[in-house]
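Following: one structure in structure tokens, then a few remarks.
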Amino acid sequence: MGIGFVGVALAFGLTVMTAAYAFGHLSGGHFNPAVTLGLFVARRVEAKAVLPYIITQVIGGIVGAGILFAVASGKDGFDARASGFASNGFGTHSPAGYSLLACFLIEVVLTAIFLFIILGSIDDRAPQGFAPIAIGLGLTLIHLISIPVTNTSVNPARSLAAAVFQGGWALSQVWMFWVAPIIGAVIAGALHHTLTDEGVSLSEAADGRMEG
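According to the numbering used here, the sequence shown holds residues 1111 to 1322 in order.
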């Protein structure tokens, strides 16, 4: 029995939320190459940590997808190539048939929004301890919006892992689900750094005007 795309969205969001609480104090709790690059641009991750993070994320994604593949293979009639194995796609492989341009745009925009949620919630001026909740709910909303469009990536490691086990068309389209999320993340990281870390933040500037 399927859980529908609402159930899938909640599963992704709750998984990231609980994983962030479980591992955030150990590794920073980001499991996504786009997030790592966005945080690097925003000056929240050191350059020397970027490549090890991304390698670990890709390996972890493939291992996780391998476990799912092994479980799914236990059902009679399972065919990863025919089912798509929850891979991300555009054109004829978009769940609702959206074009490459539409899929590219939504992945850029939603990944940028995701980074803004992350950067805002981990800011020292934000309420402490609530970042994983904001991030998990944000990711749930992103999935609710974009599952019909691209099957939701915003995470290149997740896209590559699914494509590896789908083994067909997904591998030929996975490039877009690296390029678009990384562009969105870099844009968000750069904007956040410009608006908050260089000089006076907008909120501090507003407070100054009010006091003046």
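In this text, a Cβ means the ideal position worked out from N, Cα and C, and glycines have one as well.
query	result
Does DSSP classify Val1289 as helix, strand or coil?	helix
Give the list of continuous alpha helix (DSSP H) stretches no shorter than 4 residues that lie fully inside the stretch 1185–1238.	1190–1193 and 1210–1231
Is Ile1113 helix, strand or coil when you go by DSSP?	coil
Grab the span of the alpha helix (DSSP H) containing Val1155 for me, first residue to last.	Counting along the chain, Val1155 falls outside any alpha helix (DSSP H), and DSSP gives it neither H nor E.
Report yes if the C-beta distance between Leu1225 and Val1145 is below 8 Å; otherwise report no.	yes
Identify whether Gly1278 lies in helix, strand or coil by the three-state DSSP scheme.	coil
Secondary structure at Ser1269, three-state DSSP: helix, strand or coil?	helix
Taking three-plus beta-carbon pairs below 8 Å as touching, is the stretch 1119–1127 in contact with the stretch 1241–1250?	yes
Please state the DSSP three-state secondary structure of Val1284.	coil
Going by DSSP, what residue range makes up the alpha helix (DSSP H) through His1253?	Ala1241 to Thr1260
Could you tell me if Pro1304 is buried or exposed, where buried requires 16 or more neighbouring beta carbons within 10 angstroms of its beta carbon?	With the sequence shown as reference, residue 1304 is identified as Thr, and Pro is not the correct amino acid for it. Per the 10 Å Cβ criterion, exposed.
Going along the chain, which residues of its own chain have a beta-carbon closer than 6 Å to the beta-carbon of Ser1269, five neighbours each way excluded?	Asn1198, Ser1263, Val1284 and Phe1287
Can you grab the Cα-Cα spacing for the pair Asn1261 / Ala1119, in whole Å?	10 Å
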